[in-house]
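As structure tokens, the structure follows; a few thoughts come after it.
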Amino acid sequence: MEIHQITIQAGIDKLGNTERLPDLRINKGEIYGIVGPTGSGKSQLIADIEQLAQGDTASKRRILINGAIPSHELRSDPRKKMVAQLSQNMNFFADMPVADFLKLHAKCRGKSKVDIKQVISIANTLTGEPINASDNLTILSGGQTRALMVADVAIISESPIVLIDEIENAGIKKHEALQLLSGEGKIILVVTHDPVLALSAQKRIIMRNGGMRDIIESTYREKQISLQLNDIDRCILALREDVRAGRKIEEVNFEALRHELSFL
Amino acid sequence: MKFIIVAGTPGAGKTAVLIHTLKILLQQNVKPSVVKIDCLYSDDPKRFAKLGVPVQLGLSMDMCPDHFSIYNTDAILEFARAQNSEFLIMETAGLCHRCAPYTTNSLGVCVIDATSGPNNPMKVGPFLSCADIVVITKGDMISQAEREIFRECILETNQNCSIIEANGLSGQGASELALQIRSTKKRVSENESLRHNAPFAVCTLCAGEKRVGAEHHRGLLRKMNGMQEYVGE
Ligand SMILES: Nc1nc2c(ncn2[C@@H]2O[C@H](COP(=O)(O)OP(=O)(O)OP(=O)(O)O)[C@@H](O)[C@H]2O)c(=O)[nH]1
Ligand SMILES: [Zn+2]
Ligand SMILES: [Zn+2]
Chain A
1 MEIHQITIQA
11 GIDKLGNTER
21 LPDLRINKGE
31 IYGIVGPTGS
41 GKSQLIADIE
51 QLAQGDTASK
61 RRILINGAIP
71 SHELRSDPRK
81 KMVAQLSQNM
91 NFFADMPVAD
101 FLKLHAKCRG
111 KSKVDIKQVI
121 SIANTLTGEP
131 INASDNLTIL
141 SGGQTRALMV
151 ADVAIISESP
161 IVLIDEIENA
171 GIKKHEALQL
181 LSGEGKIILV
191 VTHDPVLALS
201 AQKRIIMRNG
211 GMRDIIESTY
221 REKQISLQLN
231 DIDRCILALR
241 EDVRAGRKIE
251 EVNFEALRHE
261 LSFL
Chain B
1 MKFIIVAGTP
11 GAGKTAVLIH
21 TLKILLQQNV
31 KPSVVKIDCL
41 YSDDPKRFAK
51 LGVPVQLGLS
61 MDMCPDHFSI
71 YNTDAILEFA
81 RAQNSEFLIM
91 ETAGLCHRCA
101 PYTTNSLGVC
111 VIDATSGPNN
121 PMKVGPFLSC
131 ADIVVITKGD
141 MISQAEREIF
151 RECILETNQN
161 CSIIEANGLS
171 GQGASELALQ
181 IRSTKKRVSE
191 NESLRHNAPF
201 AVCTLCAGEK
211 RVGAEHHRGL
221 LRKMNGMQEY
231 VGE
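Residue numbers (the UniProt record's numbering), protein chains in the order written: chain A, 1 to 264; chain B, 1 to 233.
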């Protein structure tokens, strides 16, 4: 099934008032950020879309696909699922080796041809500590877990709608991760507190008190700022890897950073 | 009367999901009674009573709570009839993993916690494999991949069940469960029998023997090597 558009039909906020933002239509190829303070309902919004809610969640929102109510099958059968989600969870409960887990998930998604080795090597491009196929899931570090989750969502759950809940927290290369997750023509929603990611989205939904309050369209200027911030980010991530690897930090190219900052 | 039997491991989220579901049923003017079966103690009756529904508590003490509920089914049904209820919802926390409390004409609902890991559906036995509805809770705590794997593992153990992904905190899934409870065609009869036999052997341990060691035990006993023998008169 081809997806052109999803509609988020407004529900209620935490006080029971109708959401300020009326029905929101998101088209194929668009990237939206979701921003707001902790507890403002960002994760609920993502969860509503993941479940293709039909007034049956706390927010009472309804999600339409191409303007119509999705079938029960589309809502539940992982083989038909159109939504891939990277949730905030930073640990796995399944007690099994990485490769077995990925194989099992590929089977659930009806993807028999997925190359498990490739998924792991892609995960390893996002984290400083390499993951082995035989590692048990439960012993992976936060960064490894996150990197594996990203690779799994990008390749095994590969879907036209991608939901990303706070990719920034686990010290993985977030810009690379975002790139991996967002393919051509997808609908992407990113919950984030991170200015680099928030400003790189075309539009951002402002959340307050459990409801969608407003939409801001990002400007050309914001896009530039986002790119510059990304360079600073990269620098900090590299330093972080050095520190973790037990290396001494001899110097930081502050000149280059200042050069970036001078544009801000 | 409709008899809804809700089983699941302790702490799986049975009460949390049921409270959301009961609220919806009450809004729809359904008159349910609730019976809670537990081992030694339970707060659940208080939580249910806040909704204004008639509640009864049964404590199984030394018995598996599911065995206890099976044994007391008549008394439980009598309680609900006395309340003029159209629906009786019974919550029980199975312990032995070899039995299931569902009777032939009840609606069997199994509540299972997604954080228990994908091997758990294989371990919990008949209360999952012969349920009509399987409610998966705590999906909010795991990744989408793990949720999908968990769901698949449930379907491997029980192909015909209808799965509801629920959240005991937010109430997600409760309206689906309420709908399935309302629309079930099943009505409890005079002659209910179990869908699955309870563990078939009664051994000396069941009767209170405390001494360890094979020579103290009688009954139908299974050995480590899988062989089974009857020891006794
Ligand atoms: N995160 C999360 N927590 C949940 C969910 N459902 C229930 N809980 C929590 O799990 C704990 C146990 O929930 P109960 O509803 O009491 O579980 P129960 O199965 O009725 O437990 P017993 O009656 O004692 O066997 C509570 O602290 C709930 O708040 C869920 O979907 N997500
Ligand atoms: Zn309970
Ligand atoms: Zn039992």
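Note that beta-carbon positions come from the ideal geometry of N, C-alpha and C, so glycine has one too.
Confirm, please, whether the CB-CB distance from A/I46 to A/V191 is below 8 Å.
Contact flag set, yes.
Can you give me, in chain order, the residues of the stretch 145-163 of chain B that have a beta carbon less than 8 Å from any beta carbon in chain A?
For the stretch 145-163 of chain B, which is checked against every Cβ of chain A, the residues closer than 8 Å are A145, E146, E148, I149, R151, E152, I163.
In this structure, how does DSSP classify A/K117 when only helix, strand and coil are distinguished?
Reduced to three states, the DSSP call for A/K117 is helix.
Counting beta carbon pairs with one atom in the stretch 140-147 of chain B and one in the stretch 82-93 of chain A, are three or more of them shorter than 8 Å?
yes
Among A/D135, A/S134, A/A198, A/H105, nearest to A/D152 - alpha-carbon criterion
With respect to the C-alpha of A/D152, the residue from A/D135, A/S134, A/A198, A/H105 having the closest C-alpha is A/H105.
Cβ-heavy atom distance between B/C39 and ligand 3 below 7 Å?
no
Would you kindly work out how many angstroms separate the C-alpha atoms of A/I161 and A/P78, rounded to a whole number?
13 Å
Could you check which residue in A/R247, A/K203, A/K173 has the C-alpha nearest to that of A/D231?
A/K173
Return yes when at least one heavy atom of ligand 1 lies under 7 Å from the C-beta of A/S200, else no.
No.
Below 8 Å between beta carbons is the criterion; list the residues of the stretch 115-129 of chain B that meet it against any residue of chain A, in chain order.
Along the stretch 115-129 of chain B, going in chain order, the ones with a CB nearer than 8 Å to a CB of chain A are T115, S116, G117, P118, N119.
Could one say the Cβ of A/M149 lies closer than 8 Å to chain B's Cβ atoms, at least one of them?
yes
Nearest residue (CA-CA) to B/S60, options B/T73, B/E78, B/R187:
B/T73
For the stretch 228-254 of chain A, enumerate the residues whose C-beta is nearer than 9 Å to any C-beta of chain B, in chain order.
none
Pull up the distance between the alpha-carbon of A/A147 and that of B/P32, whole angstroms please.
48 Å
For B/L18, is the classification buried or exposed, using 16 other Cβ atoms within 10 angstroms of its Cβ as the cut-off for buried?
It counts as buried.
B/E176 touches chain A at which residues, Cβ-Cβ below 9 Å?
Ordered by position in chain A, the residues that pass the 9 Å Cβ test against B/E176 are D56.
Alpha carbon of A/L229 to alpha carbon of A/K223, nearest angstrom:
10 Å
For B/N120, which three-state DSSP category applies?
helix
Tell me where the beta strand (DSSP E) around A/R208 begins and ends.
203-208
Can you tell me which of the three DSSP states residue 235 of chain B falls into?
Within the shown structure, residues of chain B are numbered from 1 to 233, placing residue 235 of chain B beyond reach of any answer.
With 16 other CB atoms within 10 Å as the buried threshold, where does A/H72 fall?
It counts as exposed.
From this set, B/T204, B/E78, B/Q228, B/P199, which residue's C-alpha is nearest B/M1's C-alpha?
B/E78
Touch check for the stretch 49-56 of chain B and the stretch 107-122 of chain B: three-plus C-beta pairs under 8 Å?
no
Alpha carbon to alpha carbon, what distance is there between A/M149 and A/R138?
Inspection of the sequence shows that residue 138 of chain A is occupied by Thr rather than by Arg. About 13 Å.
Contact belief for A/I155 with A/V119 at Cβ below 8 Å, rounded distance in angstroms:
5 Å
In the DSSP output, which residue or residues are listed as bridge partners for B/K2?
B/F87
Run through DSSP, which three-state label would residue 278 of chain A get?
In the structure displayed, chain A extends from 1 to 264; residue 278 of chain A sits before or after that span and is not available.
A/N209 to A/D165, Cα distance in whole Å?
Cα to Cα, A/N209 sits roughly 18 Å from A/D165.
Do A/L181 and A/I34 count as a contact pair if the criterion is CB distance below 8 Å?
In this structure, A/L181 does not lie closer than 8 Å to A/I34 by Cβ.
Just to confirm the assignment: which complete alpha helix (DSSP H) runs, minimum length 4, are found wholly within the UniProt domain "CobW/HypB/UreG nucleotide-binding" (4-163) of chain B?
14-27, 44-49, 65-71, 73-82, 120-123, 126-129, 144-157
Whose C-alpha, out of B/K223, B/Y230, B/G213, B/T103, is nearest the C-alpha of B/V6?
B/T103
Outcome for A/D95 when other beta-carbon atoms lying within 10 angstroms are tallied against a minimum of 16:
exposed
Which parts of the stretch 73-145 of chain A are runs of the beta strand (DSSP E), unbroken and 3 residues or longer, counting only runs that do not cross its ends?
83-86
Leaving aside the five residues before and after A/V114 along the sequence, list all residues of the same chain whose C-beta is less than 7 Å from its C-beta, in chain order.
Closer than 7 Å at the Cβ level, and outside the excluded window around A/V114, lie A106, I155, I156.
For the 8 Å Cβ check, are there 3 or more pairs between the stretch 150-161 of chain B and the stretch 122-131 of chain B?
yes
In the DSSP output, what is A/R62 paired with across the bridge?
A/R62 is bridged to A/Q9, A/Q54.
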